[in-house]
Amino acid sequence: MCLIQLAFHEETKSYTVIANRDEFTNRPAIAAHYWDNGLFAGQDAQAGGAWLAVTKDRRFAAVTNVRHPQSRILGDRSRGELVTKFLTSDVRARDFIDVLKEERELYGGFNILLFDGDEFYHYNNIFNDMTKLATGYYTLCNDTLGTPWPKVVRVREQFIPLYKSDAAPEAFIRLMQQPERAPIDQLPATGIPLEMEEKLSSIFIAFEGYGTRCTTYIRSDEQHFTFIEQTYDNGQPTTYVEEKTLFATCLL
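For the sequence shown, the UniProt record's numbering gives the first residue as 1, with consecutive numbering after it.
The following block contains the structure:
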């Protein structure tokens, strides 16, 4: 997962997420569905984990990788297993991160967003930095929370008015389908060639061998979640999944 925009309301425990997952086009994936363990998510068919997922008991998790020139963390464990490990446990987000701090070098650089039904947290293993999220808007890409890369700024600026106007999910998905790249003089320096920085600078990525594989929209309140996933093949829309579910506490 490479670009996530979140709106969170601490008092009502409601949130809206729009996210793009960027990946190699030859890495197999399965469209969003209910897993046997209760998660609702797409699945990385190669490593078996998830990049973003929710559960009926109001838990949420998502990961992005981190590109940082000073990173020395090169662990080979799949970061997608962090999503499934958290969501199949009953551990609070803060406690889960406390354990992650001790295991952070087992994984390549990552950001993780966790919601345990009560509190939202962000953690970055490169900086070993944990943040409890208050009511507000948060944008996450491949550095750390809120780093002002051009597409981070663009997504945030366009997301907020859509959120405030209670726009339809389709408007949020269109926001994440913008292919325009950033000017050369605005590109970050993450240790990769400038040509590649430019290719990765758009909200929606599409070039040979790599690109945005899916866009996910989630809206969750105290009673239910709406989960929409639009998948892509070489930049073209393919499978569309929509799930609306009452939380377990509302079924009692």
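The beta-carbon is built from N, C-alpha and C at its ideal position, and this holds for glycine as well.
Contact annotation: L106 and N124 have beta-carbon atoms that are not nearer than 9 angstroms. Closest by C-alpha distance to F120, out of Q236, S202 and L6, is L6.
A residue is called buried when at least 16 other Cβ atoms come within 10 angstroms of its Cβ; I228 meets this threshold and is buried. According to the DSSP assignment, T84 belongs to no beta strand (DSSP E) but to the alpha helix (DSSP H) extending over G80 to L87.
Ranking T131, L200, D22 and A41 by CA distance to the CA of T226 puts A41 first.
The secondary-structure analysis by DSSP pairs V17 across a beta bridge with L6 and I218. Sequence-distant partners of G38 (beyond 5 residues in either direction) whose C-beta falls short of 7 angstroms from its own C-beta, in its chain, are T55 and K56. DSSP links D233 through a beta bridge to Q236. As a beta-bridge residue in DSSP terms, F110 pairs with N65. The criterion of a C-beta distance shorter than 9 angstroms is satisfied by V155 and L175.
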